[in-house]
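See below for the structure under consideration.
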Amino acid sequence: MQKQSITSLNGKEIGEWLAHAHSDGVYPCMAELLKYRHQPLRLPVPKASGSSAQAGQRLSKTRGRGMEFDEVRHYQAGDDVRAIDWRVTARTGQTHTKLFREEKERPVFLCVDFSNSMWFGSQLMLKSLQAAHVAAGIAWHTVQRGDRVGGLIYNSQQHMEIKPQARQHGALLFLRQLIAIHPEAAPVQSHSSEKRQQSTPAGGNQNLAQQLRRLVKLCRPGADIVIISDFSELDAETIKLLQVLRKHHTVTAIMITDPFEENLPSNFFRDIDIYDGKEQHTLFLSNPDYHKKWQQQAALWQSQREQGLRRAGVRVTAITAAAPVSTQWFQQRKSV
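Residues in the sequence shown are numbered from 1397 upward in steps of one, following the numbering used here.
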């Protein structure tokens, strides 16, 4: 992952941008997410890698024999011998062959992280809100190219599973659920046929590993999976789950960052209080030694996340919450 120099906005520019975007920088609303209908975000074209890597993101209306399993039936003269189902044949004692149907679309599963660590932002907006913007942009591009969009959205207490749907209805449904599950957002009414919401059992918390395990079960082979998170929970288990997903899908990681977490301003030497989603902490940044230690820990944390995603073989695009995603997306797509 190559880092780009993204110019942060000054105070006046932040106010003007938020007003133009109909945003408060904290909570997502439909007006700000609808604008991506005219500013859709195209997914980066993946490089060939993994046992089932795709040759391109979208090359033709159909992708040939064998992309989507349909059924098993008795072998007939003229059937391709390569399609014989040897397990069923051995079990029944009669030759059976697999039938496939040509897959004419490629669903996109978005996994959007609204957990506690995403509830932070030092400049333009919270990381969680930037994640919603990225998800909205990808959702609109997906339905505009003729595919279905769905996926998982989760905060620290609950998650939603949205069945992939096509056309404008699919994008609008996903946007409504982004607003509904974003922390501290007002509840949004939704028909049971439109979404399936599952709350965390008592005493449990939602985390990235749980969502990846759900994706393993939910996604048919050949899907595009996009994980939008700060990956603060990346560990050995999540890396293994990402590797499992890569065997059958194209997996893209959109890492949401904030400048304050990566590099403190050189002239920033004052104590501040921050909230990490669970409790409040004081950062004694007026102390030069503490300031230096913070910088070192931030650099180490960033390096560990990047190395972990590289081990998983996942394509990574970094997006800062300090600037509009529209000013970063195409620059990042060229460099990652």
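Ideal Cβ placement from N, Cα and C applies to all residues, glycine included.
Are at least three pairs of beta-carbons, each pair with one atom in the region 1487-1506 and one in the region 1682-1701, less than 8 angstroms apart?
Result no; under three Cβ-Cβ pairs closer than 8 angstroms.
Could you give the C-beta distance for I1623 and L1520, rounded to a whole number, given that I count them as a contact under 8 angstroms?
Your numbering for residue 1623 matches position 227 in the sequence shown. Your numbering for residue 1520 matches position 124 in the sequence shown. Wrong, their Cβ atoms sit about 22 angstroms apart, outside the cutoff.
Looking only at DSSP bridge pairs, what is L1495 linked to?
Translated into the one-based positions of the sequence shown, residue 1495 becomes position 99. According to DSSP, L1495 bridges with E1467.
What are the boundary residues of the alpha helix (DSSP H) that T1634 is part of?
The residue labelled residue 1634 in the question sits at position 238 within the sequence shown. Residues 1632-1642.
If you reduce the DSSP assignment to three classes, tell me which class G1546 lands in.
Looking up residue 1546 in the sequence shown gives position 150. Residue state, collapsed to three classes: strand.
Under DSSP, the alpha helix (DSSP H) around M1426 begins and ends at which residues?
Within the sequence shown, the letter at position 30 stands for residue 1426. Start and end: 1426-1430.
With burial defined as no fewer than 16 other Cβ atoms inside 10 Å of the residue's Cβ, what is the status of G1407: buried or exposed?
As a position in the sequence shown, residue 1407 is number 11, starting the count at 1. Looking at its Cβ environment, which holds fewer than 16 other Cβ atoms inside 10 Å, G1407 is exposed.
To the nearest angstrom, report how far apart L1437 and Q1691 are at their CA atoms.
In the sequence shown, the residue the question calls residue 1437 occupies position 41. In the sequence shown, the residue the question calls residue 1691 occupies position 295. The straight-line gap from Cα to Cα measures roughly 32 angstroms.
Quick one: what's I1652 bridged to in DSSP?
Looking up residue 1652 in the sequence shown gives position 256. Looking at the DSSP assignment, I1652 forms a beta bridge with I1715.
Out of Q1553, A1714, L1614, E1633, which has the shortest C-alpha to C-alpha gap to N1601?
Stepping through the sequence shown from its first residue, residue 1601 is reached at position 205. That would be Q1553, whose Cα lies nearest to the Cα of N1601.
Return the Cβ separation of Y1432 and G1542 in integer angstroms, given the expectation that the two are a contact with Cβ distance under 8 angstroms.
Translated into the one-based positions of the sequence shown, residue 1432 becomes position 36. Translated into the one-based positions of the sequence shown, residue 1542 becomes position 146. Rounded, the Cβ-Cβ distance is 17 angstroms, inconsistent with contact.
Give a yes or no on whether the C-beta atoms belonging to D1654 and K1523 are separated by under 7 angstroms.
Numbered from 1 along the sequence shown, position 258 holds the residue referred to as residue 1654. Numbered from 1 along the sequence shown, position 127 holds the residue referred to as residue 1523. Yes, the pair counts as a contact, with Cβ atoms nearer than the cut-off.
How about I1650 and V1508: do their beta carbons lie closer than 7 angstroms?
Here residue 1650 corresponds to residue number 254 of the sequence shown, with the count starting at 1. Here residue 1508 corresponds to residue number 112 of the sequence shown, with the count starting at 1. Cβ distance not < 7 angstroms, so I1650 and V1508 don't count as in contact.
Which of helix, strand or coil does DSSP assign to D1669?
Translated into the one-based positions of the sequence shown, residue 1669 becomes position 273. Three-state result, D1669: strand.
Which residue marks the beginning of the alpha helix (DSSP H) containing P1684, and which one marks its end?
In the sequence shown, the residue the question calls residue 1684 occupies position 288. It spans 1684-1708 - the alpha helix (DSSP H) in which P1684 sits, taken as one unbroken run.
Looking only at DSSP bridge pairs, what is S1625 linked to?
By one-based count along the sequence shown, residue 1625 stands at place 229. Bridge partners of S1625: M1651.
Where DSSP assigns a beta bridge to C1507, which residues make up the other side?
Taking the sequence shown and counting its residues from 1, one reaches residue 1507 at position 111. Answer is L1548, I1623, bridged to C1507.
Can you tell me which of L1637, A1695, L1569, L1525 puts its alpha carbon nearest to the alpha carbon of K1613?
Here residue 1613 refers to the residue found at position 217 when the sequence shown is read from its first residue. Of the candidates L1637, A1695, L1569, L1525, the one whose C-alpha sits nearest the C-alpha of K1613 is L1637.
Quick check on F1516: buried or exposed, where buried means 16 or more other Cβ atoms within 10 Å of its Cβ?
Position 120 of the sequence shown, counted from the first residue, corresponds to residue 1516. Looking at its Cβ environment, which holds 16 or more other Cβ atoms inside 10 Å, F1516 is buried.
Over the uninterrupted alpha helix (DSSP H) stretch that includes H1434, give me the two end residues.
The count along the sequence shown starts at 1 and reaches residue 1434 at position 38. Looking at the DSSP string, H1434 is not in any alpha helix (DSSP H), and its letter there is neither H nor E.
Rounded C-beta distance between M1556 and L1568? I'm assuming under 8 angstroms.
Here residue 1556 corresponds to residue number 160 of the sequence shown, with the count starting at 1. Here residue 1568 corresponds to residue number 172 of the sequence shown, with the count starting at 1. Not quite, the Cβ-Cβ distance comes to about 15 angstroms (not below 8 angstroms), so this is no contact.
Would you kindly check if the distance between the Cβ of A1473 and the Cβ of T1493 is under 7 angstroms?
Counted from its first residue, the sequence shown places residue 1493 at position 97. Counted from its first residue, the sequence shown places residue 1473 at position 77. No, the Cβ-Cβ distance between T1493 and A1473 is not below 7 angstroms.
Of the residues D1631, S1518, K1688, G1489, which one's Cα is nearest the Cα of N1603?
Residue numbering aside, residue 1603 sits at position 207 when the sequence shown is read from its first letter. That would be D1631, whose Cα lies nearest to the Cα of N1603.
Rounded to whole angstroms, what is the Cα-Cα separation between L1696 and H1434?
In the sequence shown, counting from the first residue as 1, residue 1696 sits at position 300. In the sequence shown, counting from the first residue as 1, residue 1434 sits at position 38. Those two C-alpha atoms are separated by around 38 angstroms.
Quick one: what's got a C-beta closer than 6 angstroms to S1518's C-beta in the same chain, skipping five residues either side?
Taking the first residue of the sequence shown as position 1, residue 1518 is located at position 122. For S1518, where only same-chain residues beyond five positions count, the Cβ hits under 6 angstroms are D1654, F1656.
Work out the CA separation of I1715 and H1416 for me, nearest whole Å.
Here the question's residue 1416 lines up with position 20 in the sequence shown. Here the question's residue 1715 lines up with position 319 in the sequence shown. Rounded to the nearest angstrom, the two C-alpha atoms are 21 angstroms apart.
On a CA-only basis, which of F1680, Q1573, G1489 is nearest M1769? Give me that one, please.
Nothing can be reported for residue 1769, as the shown portion of the chain is limited to 1397 through 1732.
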